[in-house]
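Notes follow once the structure below has been shown.
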Amino acid sequence: MSTTNLKPSNTGRGELAEVLLTYRGIFIHVGLFSGVIAILMLAPTIYMLQVYDRVLTSGNETTLWMLTLIVLMIYAFIGALEWIRSLLVWRLSVGFDEKLAPRVFDAAFDANLKTGKGNAARPLEDLQQLRQFITGQWLLALFDAPWSPIYILAMFYFHPALGFFALGSTLILLASGWLNERISRSHLKNAGEMMIASSRSADANLRNAEVIAGMGMLANLRRRWAVQHQSYVREQSVAYVRMATLLGFNKALRLVMQSLGLGLCAWLVLEHEMTPGMMIAGSVLMSRALSPIDQIIGASRSWTNVKEARRRLSQLLDAFPPQDKGMAFPQPTGEVIVEQLTVTSPDRAQMLLQNISFKLAPGESLVIVGPSGAGKSTLGRCLVNALEPLRGKVRLDNVPLDQWQPETLGRHLGYLPQDVQLFSGSVAENIARFDTLDEAKVIAAAQMAGVHELILQLPEGYQTQLGDNGMGLSGGQRQRVGLARALYGNPSLIILDEPNSNLDDLGEAMLAQAIFRMKQARITLVLITHKPNVARQADKMLILKAGTRVDFGPLTEVMARTQKLAMNARAAVETP
């Protein structure tokens with residue numbers, strides 16, 4: 001379960017807004033620096049005015065040199081302010097990432113754990129997109145845009161007609177940008193969702209490459225994926241054509257406005273209502289006023305993507321709030337109490353377990369049996385706190401699992417799921433659960449699991465790299481290494497779900513010895529299996545059917561009752 005120091009928002013603003021508000025000081029400073037820069041950017045205009053209207057008419061070189069020196073000093077100051085502003089924005093993005101990345105990682109983990117749906121990496125990609133937005137030039141353009149009125153006011157100072165023309169041009173560009181975003185928004189949103197679905201489908205298919213190749217399914221799956229991909233391309237094309245049309249119109253519109261502005265200035269000069277210096281300066285001011293707005297409009301597609309990323313992250317963080325860290329209780333003895341455990345599917349449409357109760361004393365072993373779909377694996381996941389029940393409790397040494405600190409609880413549990421996944425890293429790191437490597441504990445766990453000799457036969461022994469950049473292990477080898485991982489650190493409770501499903505005869509023998517060693521070590525053990533040679537080693541048996549408890553008790557008694565029921569059923573069938 002997720003753990004973080006970031007508390008959920010009670011103000012209705014959401015966690016993303018709460019994090020950004022902690023950096024309000026940086027936003028204020030960036031805004032102030034933007035204002036100072038905007039004012040100082042009037043210096044080139046004033047310099048042009050003075051050069052054209054004073055220096056060229058007077059021929060005074062001293063004035064020219066002094067004006068040039070002053071404007072160069074102002075440029076240096078602007079450069080320093082831009083540097084500081086960029087550093088502040090970078091500091092904001094780093095802080096934003098540091099505060100939210102662990103929280104998003106935990107929420108993505110919880111979402112994948114509880115629903116089993118979605119792309120687990122997508123939230124981190126969304127967070128990266130928000131961070132890139134913060135460090136991009138577009139955010140600075142947003143800070144620059146509110147200062148455009150300074151340049152418009154300067155043009156009003158030159159001549160009211162020029163000021164009104166600049167104001168009207170700005171409003172027209174803003175309206176055009178709003179229209180662009182409005183028209184393309186829904187198509188970009190749909191295209192983004194289709195792209196995610198298409199990528200998810202391709203990823204799922206490519207992960208099963210062996211099955212696809214072995215049964216000639218490539219063409220069928222490619223055709224199925226192509227339908228999704230083509231839908232995404234069509235939707236994106238519609239959005240792109242509309243955006244390209246409006247962006248082209250906006251660019252042409254800005255060029256027209258700048259040219260008309262220059263023409264207006266020239267006409268005012270001919271009418272002797274402005275000086276030639278004002279004409280040149282007015283043209284520059286028009287460009288300055290429209291530049292940040294033009295940048296914002298040009299990045300409208302990015303803005304749509306950023307809004308979607310923010311929406312998805314907000315939904316994720318709201319749906320999976322941070323959990324309390326719980327308590328670091330002492331080493332448990334291994335007593336397990338299950339009370340009225342009821343579990344439903346994520347959509348609550350199906351009851352997976354109903355009112356399951358039983359108790360195991362420290363060091364006892366339990367075998368869980370039942371037909372496929374009976375809820376055996378679901379119960380196993382509940383015993384390691386990987387599933388949240390609708391009702392009921394699982395207690396370890398009388399402490400509910402949800403009151404344990406997850407990291408502390410994990411050290412006291414061992415879990416071998418049906419589908420054993422090993423992670424990128426060495427064999428030793430996988431066995432040690434990527435904790436600080438204790439070689440003695442790693443070797444002890446491997447020996448207890450009976451996999452030590454197998455590991456020594458690997459190319460680099462315990463340092464053999466697994467995962468994307470390393471070698472792959474067979475299903476049986478993964479299962480045996482996974483058993484060693486479950487045994488690492490002498491846990492008090494171990495759950496083994498079909499631990500021999502991929503094992504050969506040697507692996508079966510090693511598993512039987514490992515179970516014997518666990519019983520000797522007084523480790524509480526839960527076995528989910530169909531194999532008699534594994535089941536007969538247990539102290540107790542639990543029979544499940546359709547998510548309900550059929551029978552529970554000492555192994556010999558439950559088996560005797562089951563055999564008696566089977567005999568009675570056969571006798572009833574044979575009786576005429």
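Residue numbers for the sequence shown follow the UniProt record's numbering, so the first one is 1 and each next one is one higher. Where is the CB? At the ideal position from N, CA and C, for every residue including glycine.
Please work out which residues of its chain come closer than 6 angstroms, Cβ to Cβ, to residue i, disregarding the five sequence neighbours upstream and downstream, and give them in chain order.
i: ASP97; result: ARG131
i: ASP53; result: THR275, GLY277
i: LEU401; result: ASN385, VAL394
i: ARG411; result: GLY489
i: ILE431; result: VAL442, ALA445, ALA484, ARG485, TYR488
i: THR548; result: GLN354
i: VAL558; result: MET541, ASP551
i: LEU317; result: GLU15, ALA107
i: LYS545; result: GLY370, ALA374
Where does residue i sit, in a helix, a strand or coil, going by DSSP?
i: GLY425; result: strand
i: LYS531; result: coil
i: ASN430; result: helix
i: GLN129; result: helix
i: GLY461; result: helix
i: ASP551; result: strand
i: ILE368; result: strand
i: ASP497; result: strand
i: PHE358; result: strand
i: LEU113; result: helix
i: TYR415; result: strand
i: LEU246; result: helix
i: LYS325; result: coil
i: THR342; result: strand
i: VAL436; result: The displayed chain sequence assigns Thr, not Val, to residue 436. THR436: coil per DSSP, three-state reduction.
i: GLY282; result: helix
Would you list the one or two residues that DSSP bridges to residue i?
i: ARG395; result: ILE337, PRO400
i: ILE543; result: VAL369, ASP551
i: LEU353; result: VAL343
i: VAL526; result: LEU366, ILE495
Return the chain-ordered list of same chain residues with a C-beta closer than 7 angstroms to the C-beta of residue i, the five sequence neighbours on each side being excluded.
i: GLN129; result: ASN305, VAL306, ALA309
i: LEU262; result: SER283
i: GLY95; result: TYR23
i: HIS159; result: LEU268, GLU273, MET274
i: ASP126; result: ALA309, ARG312, LEU313
i: ASP144; result: SER34, ALA38, PRO292
i: SER377; result: GLN418, ASP497, ILE528
i: THR436; result: none
Look at the alpha carbon of residue i and the alpha carbon of residue j, and state the distance between them as a whole number of angstroms.
i: GLY14; j: ASN112; result: 21 angstroms
i: ILE150; j: PHE164; result: 13 angstroms
i: SER231; j: ALA244; result: 20 angstroms
i: LEU87; j: GLN295; result: 21 angstroms
i: SER314; j: LEU16; result: 7 angstroms
i: GLY177; j: LEU247; result: 8 angstroms
i: GLY375; j: MET351; result: 9 angstroms
i: ALA219; j: TRP225; result: 10 angstroms
i: GLY414; j: GLY472; result: 23 angstroms
i: THR556; j: MET194; result: 56 angstroms
i: VAL104; j: LEU124; result: 7 angstroms
i: LEU81; j: GLY25; result: 16 angstroms
i: PHE329; j: THR408; result: 8 angstroms
i: ILE337; j: GLN421; result: 28 angstroms
i: residue 579; j: LEU264; result: What is shown of the chain runs 1 to 576, which leaves residue 579 out entirely.
i: GLN463; j: ALA514; result: 23 angstroms
i: TRP303; j: ALA440; result: 54 angstroms
i: GLY370; j: LEU379; result: 12 angstroms
i: ALA43; j: THR115; result: 59 angstroms
i: MET448; j: ARG517; result: 7 angstroms
i: ALA509; j: ARG433; result: 25 angstroms
i: LEU503; j: ALA512; result: 11 angstroms
i: LEU167; j: ILE297; result: 17 angstroms
Quick check on the burial criterion: 16 or more other C-beta atoms within 10 angstroms. Buried or exposed for residue i?
i: SER93; result: buried
i: VAL227; result: exposed
i: GLY475; result: exposed
i: MET73; result: exposed
i: THR11; result: Per-residue confidence for THR11 stands at a pLDDT of 40, beneath the threshold of 50, marking its modelled position as unreliable; no derived number is given.
i: ALA252; result: exposed
i: ASN459; result: Note that residue 459 corresponds to Pro in the displayed sequence, not to Asn. So PRO459 counts as exposed.
i: GLY507; result: buried
i: MET257; result: buried
i: ILE455; result: buried
Can you give me the Cβ contacts of residue i inside the same chain, cut-off strictly under 8 angstroms, excluding the 5 residues immediately before and after it?
i: ALA255; result: At residue 255 the sequence reads Leu, which differs from the Ala that was named. Cβ within range, chain order: n/a, list empty.
i: ASP539; result: GLU364, SER365, LEU366, PRO554, LEU555
i: LEU466; result: LEU422, PHE423, SER424, GLY425, SER426, VAL427, ASN430, GLY472, LEU473
i: LEU67; result: TYR47, GLN50, VAL51, VAL55
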